[in-house]
Structures are given as C-alpha cells and as structure tokens.
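Protein sequence lines correspond, in order, to chains A and B. Position 361 of the first sequence, counting from 1, maps to 361 under UniProt numbering, and the rest follow consecutively. Position 20 of the second sequence, counting from 1, maps to 20 under UniProt numbering, and the rest follow consecutively. By construction, the Cβ of each residue, glycine as well, lies at the ideal position given by its N, Cα and C atoms. Just so we're clear, the structure is a prediction, and the values are computed from it rather than from any experiment.
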Amino acid sequence: MTRDVPEHPDWLWSSPEPKRSYDVVIVGGGGHGLATAYYLAKNHGITDVAVLERGWLAGGNMARNTTIIRSNYLWDESAGIYEHALKLWEGLEDDLGYPILFSQRGVLNLAHSLQDVRDSVRRVHANRLNGVDAEWLTPEEVKEVCPIVNVSPDVRYPVLGATYQPRAGIAKHDYVAWGFARAAAAMGVHLIENCEVTGVEVADGRVQAVQTTRGRIAAGTVALSAAGHSSVVAATAGVELPVQTHPLQALVSELLEPVHPTVVMSNAVHVYVSQAHKGELVMGAGIDPYNSYRQRGAFHIIERQMSAALELFPIFARAHVLRTWAGIVDVTPDASPVVGTTPVDGLLVNCGWGTGGFKATPGVGWCYAHTIAHGEPHPLNAPFSLERFTTGALVDEHGAAAVAH
Amino acid sequence: MLLIPCPWCGPRDEAEFHYGGQAHVAYPENPAALSDEEWARYLFFRDNPKGRFAERWNHTAGCRRWFNAVRNTATNEIEAREVTA
C-alpha cells in the first residue's frame, strides 16, 4: 500500500522560528493578512515582516467563505476598493505565478419585489457611473444567463429581474491563500503558524510588541487582520471596535455534473449559490443573529436557506447536503469594513468585513500594505476609517452587501 | 439550535426568540449634552467579548416579553441562574 503513496510535495513556504523583533507584525494569517504581507514586500520593499497565525494559515474564514468575487456595491467608496480588488483578481494568477482558478462567470443579484427592482436599477446606474460593469436583466434574460433559475410568476417571491455583473465570479480560496503565502515567503516574509497573539503591548501611546503563545515579539507596526477575533485582540491594546462577532454558515452539496453556470444571490430570500469547479453546489446564508465565537450555527438557519434555494432552483430538490460549517464574522453597523489607523500609534486595524471579505482580498492587501508603509491610509481605504462612526460619514452598504448584516 | 430558558415559559427553541444584543445599554439621560465621540459610542459601539456576555432576548413566538440572559459566547452556554426577567 505505502508504495503507492506519492512523495510529499514541496512545501510552498518555510516555517521559520519567530525572531524577537520585526518591523511589521501582521496578526492573522488569513487571506487578508497574507495579501497584505505580499504587497508590503512587493510594492513597498518591506520584508522584515511576520504574519502570526494562531492556527494554520488560511484555516479561518479564508477556508470557510463561499468564494464569491464581485464589485457591484452602491457607494463610490465601496466601488473604489472592491473594483480595485476585482482588477487585481483579473491579473492575480500571473502576478503570483500560481493557479487560483479565478472564473469570471458573472453574478446575478435577484430582485423579488418592486422595492428590490428600484434599488437594483439604482445600483446598476451607480455601478456604471463608477466604471463597474453592470446590467439590469428581465426575468427572461435571467433565464438565459442561468437556465435553472425558476422565473415562474406563481411562486411566493417571484423573480422580477436581476442585476448582472459579468466580470464577477469565483476563485479557489485555498489556492489564493497558498499563492499569496508562497510569493510572500519567497520575498522573505516569515509566516508563523500555531502562534496566537494574546496581547498587544502599548507604552506612551505607541505600540511596542505583541505577546504570543511563542513568546514576546517586538514590532514597529502591528497590523491587525484577525476577522472575528479583532475585538478580542484590539481590546488588549485598549482599543474598542464597532464590530459584533457572529457565526455565518455555509454548506456544500455532493459533487454534481455542471448545472449552474454563474453565481446567483438573493437578498430577499437569503441565499447565494454557485457551483465550485469540483462540482459541489456552494451555498451561504445570513448570519446567525446572536454574538458568538463558536464556529457553529443553528440548523434552522440552514433549513431556511435551503427552502429559499429550492424555490429558486427546483432542480436541486434531490441534491444531498454533504457538509455544513460556520465561520465567525465581524460585522459593523454600516456593513462596510474598518481599514486604517487607531488611537494607538503604530497599531493599525483591518476588520469589519462581515460576510464579504474574501472578494476584497487583493484590494485590501494592497491598501493595507500602503497604510502600513506610509502610516496613513491609501486613498481607497481612507473612507473606511474608525473615525467615520464619530463624524457620521458612514458607508451604508446594507443593500449591496447581500444578506443579513 | 440554542435552548433558551424564558423566565416565564421555560426552556424553548431559539427559533421562538428575537435577539436584542447587549443588555444594560441605557439611553443617554441628556443626549444633547453628549460630544460626538460619546454619541458615537452610545450608537455604534457595543461590547463584543469572547466569554460571558449579558444580552437581551424577546420571546416573540411565546409570551412576547423581554428578558436578560448571560451567555458564554465562546461556548454558547447560557447560565440559567443569570436569566432575569
């Protein structure tokens, strides 16, 4: 038997012992943390960088998301950062020299009520003004793009049309993380797993170091990128964040023949569906309502999501659920992220991506790296400051952020 | 699914309840006197601990009354003795 087992493939990154000090410590080795490290090295020549991950690389939300990539948000600020991300996605495979299975199969955001239609058409116009590809499709046109959607008028929430972004799509989340990790490590970044940050040391209003399960590590800049645990880490530095941590569930079916050519999302009935390259249907729901750090949600949320999916896609009735899981997501009051400085010098924060951080991975990595390198935000993440909750300049994306924030 | 001990109806499925977030957040006595920072704090900032959390629930599909509970957000265990009407 053992003779048939192939050799272990080459490791994509090395696992060095942590040094006692780095110019930059990134807390969180998910997609955002890895992309940030990559662009720090590539765009800014900063390579004395450690990415500290409490588990294994990309084992949190990067392993748990539904891999949808799009940039059709309503407001100019969001269009800026998400469209920047989408443009980076379009060249990422070449840039990283690593396959990421980025497939621009388009996304349909369905409208089920007159108000949905008005909001959606408004968003299409807003997208176009921002140079984001967007179309309004009638139910018949929806059927042409995705023949398995039920556009019959005699269902509880009939499809009245949809917005369509042809350049949207999906990618293979693991490969994206591995591509960033491999490229960052090759430029000298230390990727350190099994290293939980238990505290951030601050003296005279300036960050000094992080305490970790593998000892104290001094740092010139500490850049948080810890998703659902952002509040916990920031609190050790005395920084409060306007986020609440919730479970967000998703599921996959068994492997099926290709039946679903695009990505379909519906705010009103709370489900989003695509079919992964391997063939499983990938579906996500809205968040579980209560605060929790358990990567586990309630089954009635899944049941609701499945009933919505079945009404939209009667063909799925005989499909079996293979597995369900949850990630814990940090949700802000305006459904937009916080990326920028904090009241503590040298402590930066990237959090609050809620249910939709994956699509932004290269874009936020690019902008967060700039923020770290220059000590002030890139123009594309400047609107997503912590101060906006005081000034009132919120970026309300509850409509375009899809489901249940 | 959580089993939530309503102080009036006893333990019921989570699906019967509506979540109300952090408990004991009082409306400011004199909102006009608050600075922008203080108002932002009242409006947008809530505790988000990994551990014990005092929170509000409404038994919407039962007695329709609000109550407070203390739940551990790391384990989802509700401390029955900390459920108050």
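Under 7 Å between beta-carbons, which chain B residues line up against Val232 (chain A)? List them in chain order, please. Numbered from its first residue, the first sequence carries residue 232 (chain A) at position 232. Under the 7 Å cutoff, chain B gives Lys50.
Whole angstroms is fine: what's the gap from Ala63 (chain A)'s alpha carbon to Tyr272 (chain A)'s? For the purposes of this step, residue 63 (chain A) is identified with residue 63 of the first sequence, where counting begins at 1. For the purposes of this step, residue 272 (chain A) is identified with residue 272 of the first sequence, where counting begins at 1. If you take the alpha carbons of Ala63 (chain A) and Tyr272 (chain A), they lie about 17 Å apart.
Short of 7 Å in beta carbon distance, which residues of its chain neighbour Gln305 (chain A), apart from the five on each side in sequence? Order them along the chain. Looking up residue 305 (chain A) in the first sequence gives position 305. Closer than 7 Å at Cβ, skipping near neighbours: His270, Val271, Met283 and Ala285.
Taking the CB atoms as reference points, tell me whether His246 (chain A) and Tyr290 (chain A) lie closer together than 9 Å. For the purposes of this step, residue 246 (chain A) is taken as the residue at position 246 of the first sequence. For the purposes of this step, residue 290 (chain A) is taken as the residue at position 290 of the first sequence. Yes.
Under the assumption that Val338 (chain A) contacts Leu191 (chain A) (Cβ atoms under 8 Å), give the Cβ distance between them as a whole number of angstroms. Within the first sequence, residue 338 (chain A) is the residue found at index 338, counting from 1. Within the first sequence, residue 191 (chain A) is the residue found at index 191, counting from 1. Not a contact, Cβ separation roughly 24 Å.
Assumed close pair Gly29 (chain A), Glu7 (chain A) - CB separation to whole angstroms, cut-off 8 Å: Here residue 29 (chain A) refers to the residue found at position 29 when the first sequence is read from its first residue. Here residue 7 (chain A) refers to the residue found at position 7 when the first sequence is read from its first residue. Going by Cβ atoms, the distance from Gly29 (chain A) to Glu7 (chain A) rounds to 26 Å, so no, they are not a contact pair.
Please decide whether Glu82 (chain B) counts as near chain A, where near means a Cβ-Cβ distance under 9 Å. Residue mapping note: residue 82 (chain B) aligns to position 82 of the second sequence, counting from 1. No, Glu82 (chain B) does not count as interfacial toward chain A.
Does chain B have any CB closer than 9 Å to the CB of His405 (chain A)? Walking along the first sequence from the start, residue 405 (chain A) turns up at place 405. Residue placement at His405 (chain A) cannot be trusted, given a pLDDT of 37 that sits under 50; the coordinates are not used to answer.
Given Gly340 (chain A) as reference, the closest of A:Val321, A:Gly365 and A:Met187 once Cα atoms are compared: For the purposes of this step, residue 340 (chain A) is taken as residue 340 along the first sequence, with counting starting at 1. Nearest of A:Val321, A:Gly365 and A:Met187 to Gly340 (chain A), Cα basis: A:Gly365.
Going along chain A, which residues have a C-beta under 7 Å from Glu14 (chain B)? Numbered from 1 along the second sequence, position 14 holds the residue referred to as residue 14 (chain B). Ordered by position in chain A, the residues that pass the 7 Å Cβ test against Glu14 (chain B) are Ala298.
Length of the line joining the Cα atoms of His378 (chain A) and Thr324 (chain A): Looking up residue 378 (chain A) in the first sequence gives position 378. Looking up residue 324 (chain A) in the first sequence gives position 324. Distance between the alpha carbons of His378 (chain A) and Thr324 (chain A): 37 Å.
Enclosing beta strand (DSSP E) for Asp10 (chain A) [first to last residue]: For this step, residue 10 (chain A) is matched to residue 10 along the first sequence. No beta strand (DSSP E) contains Asp10 (chain A), which DSSP labels as neither H nor E.
Ends of the alpha helix (DSSP H) at Gly179 (chain A)? Taking the first residue of the first sequence as 1, we reach residue 179 (chain A) at position 179. Unbroken alpha helix (DSSP H) run through Gly179 (chain A): His173 to Ala186.
In chain order, which alpha helix (DSSP H) runs of at least 4 residues are fully inside the segment 343-392 of chain A? 361-374 and 388-391
For the pair the segment 34-47 of chain B and the segment 386-393 of chain A, tell me if three or more CB-CB distances fall below 8 Å. yes
Reduced DSSP secondary structure (H/G/I, E/B, other) of Asn68 (chain B): For the purposes of this step, residue 68 (chain B) is taken as residue 68 along the second sequence, with counting starting at 1. If DSSP states are grouped into helix, strand and coil, Asn68 (chain B) belongs with the strands.
Compute the distance between the beta-carbons of Glu397 (chain A) and Ser78 (chain A), then report whether it is under 9 Å. Within the first sequence, numbered from 1, the residue matching residue 397 (chain A) stands at position 397. Within the first sequence, numbered from 1, the residue matching residue 78 (chain A) stands at position 78. Yes, the pair counts as a contact, with Cβ atoms nearer than the cut-off.
Which residue wins for smallest C-alpha separation from Leu12 (chain A), given the options A:Ala177, A:Ile170, A:Lys42 and A:Val222? Here residue 12 (chain A) refers to the residue found at position 12 of the first sequence. Leu12 (chain A) has its Cα closest to that of A:Ala177, out of A:Ala177, A:Ile170, A:Lys42 and A:Val222.
Quick one: is Thr84 (chain B) buried, meaning 16 or more other Cβ sit within 10 Å of its Cβ, or exposed? In the second sequence, residue 84 (chain B) corresponds to position 84, counting from 1. Answer is exposed; the Cβ neighbour count stays below 16.
Measure the CB-CB distance between Ala54 (chain B) and Ala69 (chain B) and report whether it falls below 9 Å. Residue 54 (chain B) sits at position 54 when you count from the first residue of the second sequence. Residue 69 (chain B) sits at position 69 when you count from the first residue of the second sequence. A contact, by the Cβ cut-off of 9 Å.
Classify Leu224 (chain A) as buried or exposed, calling it buried when 16 or more other Cβ atoms lie within 10 Å of its own Cβ. If you number the first sequence from 1, residue 224 (chain A) lands on position 224. The residue is buried, with at least 16 neighbouring Cβ atoms inside 10 Å.
In chain A, which residues lie with their C-beta within 7 Å of the C-beta of Glu37 (chain B)? For this step, residue 37 (chain B) is matched to residue 37 along the second sequence. Per Cβ cutoff of 7 Å: Thr390.
From the DSSP secondary-structure annotation, give me the bridge partner or partners of Gly327 (chain A). If you number the first sequence from 1, residue 327 (chain A) lands on position 327. Its beta-bridge partners are A:Leu248.
May I ask you to report which of helix, strand or coil DSSP gives His59 (chain B)? Start at 1 with the first residue of the second sequence, and residue 59 (chain B) comes out as number 59. The answer is coil: DSSP assigns His59 (chain B) none of H, G, I, E or B.
Quick one, are the C-beta atoms of Gly346 (chain A) and Asp330 (chain A) less than 9 Å apart? Against the first sequence, residue 346 (chain A) aligns to sequence position 346. Against the first sequence, residue 330 (chain A) aligns to sequence position 330. No, the pair does not count as a contact, with Cβ atoms beyond the cut-off.
Drop a sphere of 10 angstroms on the beta-carbon of His24 (chain B), count the other beta-carbons inside from all chains shown, and report buried for 16 or more, exposed for fewer. Reading the second sequence from its first residue, position 24 is the one you call residue 24 (chain B). Answer is exposed; the Cβ neighbour count stays below 16.
Once you ignore the five residues that flank Ala312 (chain A) on each side, which residues in its own chain have a CB closer than 8 Å to its CB? Here residue 312 (chain A) corresponds to residue number 312 of the first sequence, with the count starting at 1. Note on residue identity: the sequence assigns Leu, not Ala, to residue 312 (chain A). Leu110, Val149, Asn150, Val159, Val264, Ser266, Val269, Val271 and Val273, listed in sequence order.
Can you tell me which of A:Glu193, A:Ser152 and A:Ile68 puts its alpha carbon nearest to the alpha carbon of Thr170 (chain A)? Residue mapping note: residue 170 (chain A) aligns to position 170 of the first sequence, counting from 1. Note that residue 170 (chain A) is Ile in the sequence shown, not Thr. Ranking the options by Cα distance to Ile170 (chain A), first place goes to A:Ile68.
When the cut-off is 9 Å and only beta carbons count, does Asp396 (chain A) lie next to chain E? Absent from the structure is chain E; the protein chains it does hold are A and B.
Let me know the secondary structure DSSP gives His405 (chain A) once reduced to three states. Against the first sequence, residue 405 (chain A) aligns to sequence position 405. The predicted model places His405 (chain A) with a pLDDT of 37, which falls under 50 and marks its position as unreliable, so this point remains unresolved.
Would you identify the three-state DSSP class for Leu114 (chain A), choosing helix, strand or coil? The sequence position of residue 114 (chain A) within the first sequence is 114, counting from 1. The answer is helix: DSSP assigns Leu114 (chain A) an H, G or I state.
Ignoring anything shorter than 3 residues, give me the beta strand (DSSP E) runs that lie fully in the segment 48-113 of chain A, in order along the chain. 49-52 and 107-111
Check whether Thr163 (chain A) and Leu137 (chain A) have beta carbons under 9 Å apart: As a first step, residue 163 (chain A) must be located in the first sequence, where it is residue number 163. As a first step, residue 137 (chain A) must be located in the first sequence, where it is residue number 137. It is a contact, given that the beta carbons lie within the stated cut-off.
Enumerate in chain order the residues of its own chain whose CB-to-CB distance from Gly352 (chain A) is below 6 Å, with the five nearest sequence positions on each side excluded. For the purposes of this step, residue 352 (chain A) is taken as the residue at position 352 of the first sequence. These residues qualify, in order along the chain: Val243, Asp330, Thr332, Pro337 and Val338.
With Gly106 (chain A) and Val155 (chain A) assumed to form a contact (beta carbons below 8 Å), what rounded beta-carbon distance in angstroms separates them? Start at 1 with the first residue of the first sequence, and residue 106 (chain A) comes out as number 106. Start at 1 with the first residue of the first sequence, and residue 155 (chain A) comes out as number 155. Their Cβ separation, rounded to whole angstroms, is 23 Å, which puts Gly106 (chain A) and Val155 (chain A) out of contact at 8 Å.
Kindly indicate which three-state DSSP category Glu17 (chain A) falls into: helix, strand or coil? In the first sequence, the residue the question calls residue 17 (chain A) occupies position 17. In this structure, Glu17 (chain A) counts as coil in the three-state DSSP scheme.
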